[in-house]
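K.L.:
Residue 88 in this note's numbering sits at position 88 of the sequence shown; the count goes up by one each step and never skips.
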Amino acid sequence: MTDTPPPPDAPVPAEDPFIVWTFRRTGGTTLRSIFFWLSRHAAWQDEAFNRDRELGAITRGFEESGDRAALDAAIAVVAAERRNLKHCIETVPYEVSSSLFRHASAQGYRH
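(1) Taking only three categories from DSSP, how would you classify Trp21?
(2) Spatial neighbours of His87 within its chain, please: C-beta separation below 6 Å, excluding the five flanking residues on both sides.
(3) Using the C-alpha atoms, what's the distance from Ala70 back to Glu95?
(4) Could you please give the first and the last residue of the uninterrupted beta strand (DSSP E) stretch that includes Leu85?
(5) Answer yes or no: do Asn84 and Phe36 have a C-beta to C-beta separation smaller than 9 Å?
(6) For Glu15 and Ser39, I'd like the C-alpha separation in whole angstroms.
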């Protein structure tokens, strides 16, 4: 630990959108609640990529087609909105989580 202040251009976590990556029943909702409260960004529904949630059509579409290019294009649009997200990685195909990580990182999300 240091008493040296961060440089003026250092990112402030609450200023960038973030994703809480979690497994079910591990306290992710509690962590998300604290972080979302501190953030100025809007948020997607918790576990939004689950098949029955607001971004579930992306997951279902990938499962039906296996089209990674279409998956990447859809997730790029989602990430560009820069909204916070709680994401349970075991509830969707690996490809969804992988694409989300890549596109969110490119948009400056914190993880």
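Glycine included, each C-beta is placed from N, C-alpha and C at the ideal position.
P.N.:
By the coordinates alone:
(1) For Trp21, the three-state secondary structure derived from DSSP is strand.
(2) The beta carbon of His87 is closer than 6 Å to those of Ile19 and Trp21 in its chain, skipping five residues each way along the sequence.
(3) Taking the straight line from one Cα to the other gives about 12 Å.
(4) In the DSSP assignment, Leu85 falls within the unbroken beta strand (DSSP E) covering Leu85 to Cys88.
(5) Between Asn84 and Phe36, the C-beta spacing is below 9 Å.
(6) Cα-Cα distance, rounded: 7 Å.
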